[in-house]
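Notes follow once the structure below has been shown.
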Amino acid sequence: MKGAATVLLVEDYADTREMMSTMLQMKGCRVVEAADGQAAVEAAVTARDGLGGEPADLAVVFATGAHLGEPEQTLEGVLGFELLETGPERATARFEVVDRVRQPLGLVHGGTYAALAETIVSNATFRAVYPDGMMATGMSNLTSFLRPVTEGSVHAEARRQHRGRTTWVWEIDFTDDGGCLCAVSRVTMAVRELPASARPPRADGSYAPGD
Numbered sequence: 000m001k002g003a004a005t006v007l008l009v010e011d012y013a014d015t016r017e018m019m020s021t022m023l024q025m026k027g028c029r030v031v032e033a034a035d036g037q038a039a040v041e042a043a044v045t046a047r048d049g050l051g052g053e054p055a056d057l058a059v060v061f062a063t064g065a066h067l068g069e070p071e072q073t074l075e076g077v078l079g080f081e082l083l084e085t086g087p088e089r090a091t092a093r094f095e096v097v098d099r100v101r102q103p104l105g106l107v108h109g110g111t112y113a114a115l116a117e118t119i120v121s122n123a124t125f126r127a128v129y130p131d132g133m134m135a136t137g138m139s140n141l142t143s144f145l146r147p148v149t150e151g152s153v154h155a156e157a158r159r160q161h162r163g164r165t166t167w168v169w170e171i172d173f174t175d176d177g178g179c180l181c182a183v184s185r186v187t188m189a190v191r192e193l194p195a196s197a198r199p200p201r202a203d204g205s206y207a208p209g210d
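So in numbering that gives the first Met the number 0, spot 137 of the sequence shown is number 136, and the numbers just go up one at a time.
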C-alpha cells in the first residue's frame with residue numbers, strides 16, 4: 000500500500016485496531032479508524048468529504064482482511080494462543096494441547112512455548128511503551144523445557160523483571176493443568192522510538208517525543 004494514502008481501518012477489537020493503525024502510519028498512511036460497519040460508513044463519508052469527495056482517495060482495510068493478514072492465519076492464531084491478561088508488569092495466556100502444537104512423539108513442541116513467550120511479552124511491552132511514542136520487538140528468547148505435556152492445556156504467566164529505557168526483560172513460567180512447571184522462558188524486548196508519523200497524538204494534537 001503506497002504511503003500518503005488515507006486508509007479506513009475497520010476492526011472491532013480495540014487492541015488489534017490500535018496495532019494495525021500504528022503499522023499503517025509507519026508506512027506513511029493517514030488512518031481513519033472504525034469499530035464496526037455503521038461507524039465505518041459514517042467515517043467513510045466524513046473522510047471522503049474531507050478529501051473532496053473522491054472515492055478513489057480512500058482505501059478501505061479490514062484488519063481481518065487480506066491486506067494485513069487474517070488473525071487466524073498468524074502464528075498465534077494457527078497455534079490457538081489465548082491472551083488472558085496483559086499489563087506492564089504481568090501477563091497471562093494459555094493454549095490447548097492438540098495436534099497442531101505437538102511434535103511427532105505426541106509432546107507439546109518446544110517451539111510452541113517459545114512462540115507464546117514472545118507473543119505475550121511483545122504485546123504487553125508494546126502496549127506499555129506505545130503511549131510514549133515507542134515500539135517493542137523481540138531481542139532474545141531463551142526457553143528451557145522441564146516436563147513433557149501431552150494433553151489438557153498449558154498456562155503461561157509472564158512477570159516483568161527489568162524495565163529500562165531501551166530494553167525490557169521478562170520471565171515466563173509454563174504450567175500444566177495440575178500446576179506443575181513444564182517450561183520456563185526469559186525474553187528480552189528491544190524498545191525503540193516510533194517514527195514521528197506513527198506516534199500517538201496528545202490531547203493538544205501534538206505527538207509524543209519518543210524519548
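Built from N, CA and C at the ideal position, the CB exists for glycine as well.
Quantities reported herein were computed from a predicted structural model and do not represent experimental measurements.
With fewer than 16 other beta carbons inside 10 angstroms of its own, Gln102 counts as exposed. DSSP places Gln160 within a strand segment (E or B) once states are collapsed to three.
With respect to the 8 Å criterion, Val96 and Glu17 are not classified as neighbours on the basis of their beta carbons.
Annotated as proximal: Val186 and Ser139, with beta-carbon spacing under 8 Å. Per DSSP, Phe173 lies in no alpha helix (DSSP H) segment; the continuous beta strand (DSSP E) that holds it begins and ends at Thr166 to Thr174.
Within the model, the alpha-carbon separation for His108 versus Gln160 is close to 26 Å.
The criterion of a C-beta distance shorter than 8 Å is satisfied by Ala42 and Leu7. In this structure, DSSP gives Ala34 a state outside helix and strand, which the three-state scheme calls coil. A residue is called buried once 16 or more other Cβ atoms fall within 10 Å of its Cβ, and Val40, having fewer, is exposed. Secondary-structure assignment with DSSP links Glu84 through a beta bridge to Thr91. In this model, Glu192 and Leu23 are separated by some 16 Å (Cα to Cα). With 16 or more other CB atoms across the displayed protein chains lying within 10 angstroms of its CB, Cys28 is buried. Of the candidates Phe144, Pro194, Thr165 and Thr111, Phe144 places its Cα closest to the Cα of Cys179.
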